[in-house]
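Take a look at the structure below.
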Amino acid sequence: MGDAVVAFEGACRVEGASVVDVTDARAGSVVVAKDMLHFIAEHFGAGLLEASLLQRLLVFCCFEALLARQVAALVRRGDDLFIGAAKLSVSVATVSPVSALIHLGLNIDKTGCPVNAATLPEIGVPPDELARDVLRRYADEVGDVLNAAATVSPVTPRGAPPTP
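Under this note's numbering, the residues of the sequence shown are numbered 211 to 374, in order.
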């Protein structure tokens with residue numbers, strides 16, 4: 211057991227105390243869609259800063275996968291993806307007592323969305339193919355980061371003994 215990322219399709223409704231983004235919670239925001247492609251990642255031992263960075267990495271992997279499919283008018287702003295001015299994604303990162311938790315959702319059926327939204331069918335992207343591609347990209351990137359971190363020596367102050 212350890213870190214994991216999964217993808218699945220299903221409805222989305224987040225409201226009230228379940229909204230963990232403080233700005234959205236104060237505004238009374240609700241996240242709703244009849245159908246979404248969801249990505250859930252869990253990373254043990256990571257703090258909120260690492261969760262936010264991993265969230266951006268997951269969103270960027272999705273952005274790259276959509277770019278590879280030549281999706282027109284695709285824009286990434288922080289942890290959000292847009293098709294023109296229409297929002298394609300929702301995303302949040304938070305922490306539990308033991309892990310960092312990340313959710314990225316991409317609209318499949320925007321019925322009920324409270325904002326101008328785009329969907330994967332509108333841009334001609336099959337959710338199952340995209341899910342496999344994004345999962346592979348994310349796993350590869352996280353693996354590369356962990357490998358890079360394991361293959362460098364720490365810097366020590368001049369005259370200090372090296373760390374074993």
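For glycine and all other residues, C-beta sits at the position ideal for the given N, C-alpha and C.
- Message: Please classify R347 as buried or exposed, where buried requires at least 16 neighbouring CB atoms within 10 angstroms.
- Response: buried
- Residue interval of the alpha helix (DSSP H) (run including R368): Premise fails: R368 is in no alpha helix (DSSP H) and is neither H nor E.
- Message: So, at 8 Å on beta carbons, what are the nonlocal neighbours of E260 in its own chain, with the 5 sequence-adjacent residues on each side left out?
- Response: H253, A310
- Looking only at its own chain, which residues have a Cβ that is under 8 Å from the Cβ of L291, when we skip the five neighbours before and after it? V269, C272, F273, L276, L284, V285, K297, L298, S299, L316
- Item | Sequence-distant residues of the same chain with beta carbon closer than 7 Å to L345, five excluded per side | V215, A217
- Query: From C323 to G212, what does the alpha carbon distance come to, in whole angstroms?
  - Reply: 34 Å
- Query: Over what stretch of residues does the alpha helix (DSSP H) that includes D213 continue unbroken?
  - Reply: D213 -> no alpha helix (DSSP H), and no H or E assigned at all.
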